[in-house]
Amino acid sequence: MESVQDDTYALQSARGGSRGPAGSGSGGLLLLSVHTMVSIKAPCLAPGSGARALLGGLCLAVALFACLLVRQLFKQRRPPGFPPGPSPIPVIGSILSLATEPHVFLKRQSEVHGQIFSLDLGGILTVVLNGYDCVRECLYHQSEVFADRPSLPLFKKMTKMGGLLNCKYGKGWIEHRKLACNSFRYFGSGRRLFERKISEECMFFVDAIDKHKGKPFNPKHLVTNAVSNITNLIIFGQRFTYDDRNFQHMIELFSENVELAVSGWALLYNAFPWIEYVPFGKHQKLFRNAAEVFDFLLQAVKGFSQGRVPHVPRHYVDAYLDELEQNAADPGSSFSYDNLIYSVGELIIAGTETTTNTLRWAMLYMALYPNIQERVHREIDSVLCTGRAPTLEDKQKMPYVEAVLHEILRFCNIVPLGIFRATSQDAKVNGYTIPKGTMVITNLYSVHFDEKYWSDPGVFLPQRFLDSNGNFVKREAFLPFSLGRRHCLGEQLARMEMFLFFTTLLQRFHLQFPRGIVPTVTPKLGMTLQPKPYSICAVRRQQKVPSCGDTPHHK
Numbered sequence: 001m002e003s004v005q006d007d008t009y010a011l012q013s014a015r016g017g018s019r020g021p022a023g024s025g026s027g028g029l030l031l032l033s034v035h036t037m038v039s040i041k042a043p044c045l046a047p048g049s050g051a052r053a054l055l056g057g058l059c060l061a062v063a064l065f066a067c068l069l070v071r072q073l074f075k076q077r078r079p080p081g082f083p084p085g086p087s088p089i090p091v092i093g094s095i096l097s098l099a100t101e102p103h104v105f106l107k108r109q110s111e112v113h114g115q116i117f118s119l120d121l122g123g124i125l126t127v128v129l130n131g132y133d134c135v136r137e138c139l140y141h142q143s144e145v146f147a148d149r150p151s152l153p154l155f156k157k158m159t160k161m162g163g164l165l166n167c168k169y170g171k172g173w174i175e176h177r178k179l180a181c182n183s184f185r186y187f188g189s190g191r192r193l194f195e196r197k198i199s200e201e202c203m204f205f206v207d208a209i210d211k212h213k214g215k216p217f218n219p220k221h222l223v224t225n226a227v228s229n230i231t232n233l234i235i236f237g238q239r240f241t242y243d244d245r246n247f248q249h250m251i252e253l254f255s256e257n258v259e260l261a262v263s264g265w266a267l268l269y270n271a272f273p274w275i276e277y278v279p280f281g282k283h284q285k286l287f288r289n290a291a292e293v294f295d296f297l298l299q300a301v302k303g304f305s306q307g308r309v310p311h312v313p314r315h316y317v318d319a320y321l322d323e324l325e326q327n328a329a330d331p332g333s334s335f336s337y338d339n340l341i342y343s344v345g346e347l348i349i350a351g352t353e354t355t356t357n358t359l360r361w362a363m364l365y366m367a368l369y370p371n372i373q374e375r376v377h378r379e380i381d382s383v384l385c386t387g388r389a390p391t392l393e394d395k396q397k398m399p400y401v402e403a404v405l406h407e408i409l410r411f412c413n414i415v416p417l418g419i420f421r422a423t424s425q426d427a428k429v430n431g432y433t434i435p436k437g438t439m440v441i442t443n444l445y446s447v448h449f450d451e452k453y454w455s456d457p458g459v460f461l462p463q464r465f466l467d468s469n470g471n472f473v474k475r476e477a478f479l480p481f482s483l484g485r486r487h488c489l490g491e492q493l494a495r496m497e498m499f500l501f502f503t504t505l506l507q508r509f510h511l512q513f514p515r516g517i518v519p520t521v522t523p524k525l526g527m528t529l530q531p532k533p534y535s536i537c538a539v540r541r542q543q544k545v546p547s548c549g550d551t552p553h554h555k
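Per the UniProt record's numbering, the sequence shown starts with residue 1, numbered consecutively.
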């Protein structure tokens with residue numbers, strides 16, 4: 001998230017000053033002589049010369065445009081051995097086709113051109129992977145080859161291709177990934193104490209919901225704050241209160257940018273970077289948001305690093321600063337203060353968006369399917385028969401809860417296209433040749449709706465994750481956290497959060513829509529698929545406490 005400054009171009013007009021009438025004597029004679037000399041030396045502008053000059057300028061502009069057009073059309077040519085795909089619109093390619101439901105459009109194209117096909121995005125030739133078999137072949141069996149990031153103008157503008165998520169595959173990415181994984185393990189999911197921190201946040205969360213006293217409210221604000229606080233504990237060592245307006249504003253900007261990053265304007269900017277100088281458009285909003293977030297995170301990092309003791313890190317920021325100091329003498333080091341800010345922002349987004357939207361979808365679907373919600377209540381009551389708070393050890397005793405959460409992840413496709421990748425070297429897939437540096441889109445939606453692995457994929461059915469005895473079973477074609485070297489590093493933490501937040505919520509409340517209102521399940525499009533704003537009622541329930549020996553039925 002780069003600080004963006006508006007370039008201001010001043011157009012200055014050269015103004016000629018007029019003189020008074022010529023004086024008498026030698027001055028007047030000199031002026032007359034100069035006038036006579038200029039009249040003799042200067043070529044006379046014949047009538048119509050202005051029109052010829054205008055025509056010449058117009059011809060030059062047309063020639064320049066023709067050259068640019070030819071260059072653009074040349075960029076749209078598929079190289080030999082490249083996967084086939086839909087015919088592009090001249091100049092802009094298939095950008096407009098990705099404006100609405102791009103994941104659905106890409107899956108439909110795979111039915112015409114095959115699981116691997118190509119797409120032109122305004123001169124950016126892109127390979128699209130569809131279906132579990134194709135995605136697994138590329139991201140698992142050729143993991144290193146498909147581990148790079150494309151050098152898109154948007155990535156360069158936002159993070160200078162630094163940070164963690166958008167970093168090119170190589171030494172810098174490996175160093176930053178290792179530090180982030182170690183921090184998540186050391187300060188987070190690898191510590192027993194951290195489970196208690198999540199449980200405490202769960203209680204803050206349900207207590208805040210309780211204040212609505214069963215009346216309609218939009219859960220987005222509370223869910224986002226609660227989930228982001230888990231990541232904040234790892235990054236900053238501290239949570240933010242739900243009424244912290246500065247943090248609220250930053251989270252809103254994050255959420256807005258996740259939506260804008262794959263908008264039509266962003267795709268156009270990647271194809272035609274000169275659009276940056278167009279003063280209107282969603283890309284300008286994206287840049288302003290990024291600049292504001294960068295400034296907020298810069299101040300946060302400075303504040304939370306106060307009192308730091310070198311080599312005794314309290315959180316991710318401290319650990320990063322240790323690495324920065326240790327590598328200060330290395331001119332090739334990837335650790336920098338800017339990359340620290342970019343990494344912090346990316347970790348907050350990655351640690352918040354998926355889990356937040358999973359829980360928001362889960363709340364919506366529980367109210368939409370009260371019979372499923374009732375079975376969840378029964379299982380929670382059976383396991384937590386004394387009314388105690390849930391723990392991670394309870395997960396294996398709640399197969400139906402696990403099945404519901406997995407079906408939410410599959411059916412709702414929180415990150416349908418993952419994060420765009422690129423080939424780190426020339427690749428061979430299904431007989432096609434993909435040159436080094438080619439942008440790659442992994443259509444995870446097509447994996448979760450792959451009819452080869454899922455029966456009736458368009459039906460919301462938690463039972464598909466249960467065997468005939470009601471035990472939870474893992475499914476092969478299930479990749480909500482992607483696959484390979486670039487898979488989500490916070491997957492373990494996200495699974496912990498989803499289970500504890502969901503069970504704590506459903507233990508205390510019954511979820512229902514306001515009378516006469518059923519919200520749409522059509523998602524709001526962006527890098528993530530999130531529910532459109534909805535209101536819900538969380539009614540305090542009297543927990544039905546069965547005998548602790550009772551076992552819920554799942555058949």
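Glycine included, each C-beta is placed from N, C-alpha and C at the ideal position.
Nearest neighbour of residue i, chosen from the options [CA to CA]
| i | options | result |
| --- | --- | --- |
| H377 | M161, K213, F509 | F509 |
| T438 | V293, A147, A300, A51 | A147 |
| V341 | K160, H487, F184, L444 | The residue asked about is misnamed: residue 341 is Ile in this sequence, not Val. Among K160, H487, F184, L444, the Cα nearest to that of I341 is on K160. |
| V79 | M527, Q542, T433 | The sequence given here has Pro at residue 79, not Val. It is T433 whose Cα lies nearest to the Cα of P79. |
| K220 | I230, I209, Q507 | I209 |
| R196 | E402, T241, L500 | L500 |
| C202 | E256, R540, E497 | E497 |
| G332 | K171, M158, S143 | K171 |
| N257 | I349, A226, P279 | I349 |
| S446 | I414, F465, V429, Q463 | I414 |
| I251 | S228, L260, I234 | S228 |
| E393 | F287, S199, P462 | S199 |
| F335 | L409, F247, I174 | I174 |
| Q425 | Q142, G190, F247 | Q142 |
| N289 | V127, M158, L483 | M158 |
| P416 | K395, G526, I380, L165 | G526 |
Cβ-Cβ separation, residue j to residue i (assumed contact under 8 Å), whole Å
| i | j | result |
| --- | --- | --- |
| Y269 | P88 | Rounded, the Cβ-Cβ distance is 18 Å, inconsistent with contact. |
| G387 | F304 | The pair is not a contact, with the Cβ atoms about 37 Å apart (cut-off 8 Å). |
| C181 | L489 | 5 Å |
| N443 | L58 | With a Cβ gap of about 45 Å, N443 and L58 do not count as contacting. |
| E407 | P457 | Rounded, the Cβ-Cβ distance is 11 Å, inconsistent with contact. |
Cut-off 6 Å between Cβ atoms - residues of its own chain near residue i, not counting five sequence neighbours on either side
| i | result |
| --- | --- |
| E491 | F481 |
| A42 | Only weak support exists for where A42 lies, its pLDDT of 42 falling under 50; the value from the coordinates is given anyway. Nothing meets the Cβ criterion. |
| G122 | I92, G93, I95, A271 |
| C134 | Q115, I116 |
| R360 | V223, P531 |
| F449 | P457 |
| Y169 | A147, D148, S424 |
8 Å CB neighbourhood of residue i in its chain, flanking five on each side removed
| i | result |
| --- | --- |
| L364 | P519, V521, P531, Y534, I536 |
| Y369 | F460 |
| R541 | H377, R508, F509, H510 |
| G345 | M1, G163, F254, V293, F294, L297 |
| S24 | The pLDDT assigned to S24 is 40, lower than 50, so where the model puts this residue is not dependable; a value taken from the coordinates is nonetheless given after this. Excluding sequence neighbours, S24 sits near nothing in its chain. |
Bridge partner(s) assigned by DSSP for residue i
| i | result |
| --- | --- |
| M161 | The partner list for M161 (beta bridge, DSSP) is empty, contrary to what the question assumes. |
| C181 | C181 is not bridged to any residue. |
| R421 | V440 |
| P523 | P531 |
| F472 | L466 |
| D148 | A422 |
Residue-chain proximity (residue i, chain C), Cβ-Cβ < 8 Å
| i | result |
| --- | --- |
| V223 | The structure shown contains no chain C; it is built from a single protein chain. |
Opening and closing residue of the alpha helix (DSSP H) in which residue i lies
| i | result |
| --- | --- |
| K107 | 102-113 |
| Q507 | 491-508 |
| C202 | 192-210 |
| V223 | 220-235 |
| V127 | Run containing V127: none in the alpha helix (DSSP H); it sits in the beta strand (DSSP E), 125-129. |
| V317 | 316-326 |
| G332 | Run containing G332: none; DSSP gives neither H nor E here. |
| K397 | Counting along the chain, K397 falls outside any alpha helix (DSSP H), and DSSP gives it neither H nor E. |
| S382 | 370-383 |
| C134 | 132-136 |
| residue 557 | In the structure displayed, the chain extends from 1 to 555; residue 557 sits before or after that span and is not available. |
| L260 | 245-260 |
Residue i: first and last residue of the uninterrupted beta strand (DSSP E) it sits in
| i | result |
| --- | --- |
| Y432 | 432-434 |
| V539 | 537-540 |
| L119 | 116-120 |
| V429 | 427-429 |
Nonlocal neighbours in the same chain, by C-beta distance under 7 Å from residue i, ignoring five residues either side
| i | result |
| --- | --- |
| I124 | N270, A271, M439 |
| A538 | I209, H212, G214, F509, L511 |
| V309 | none |
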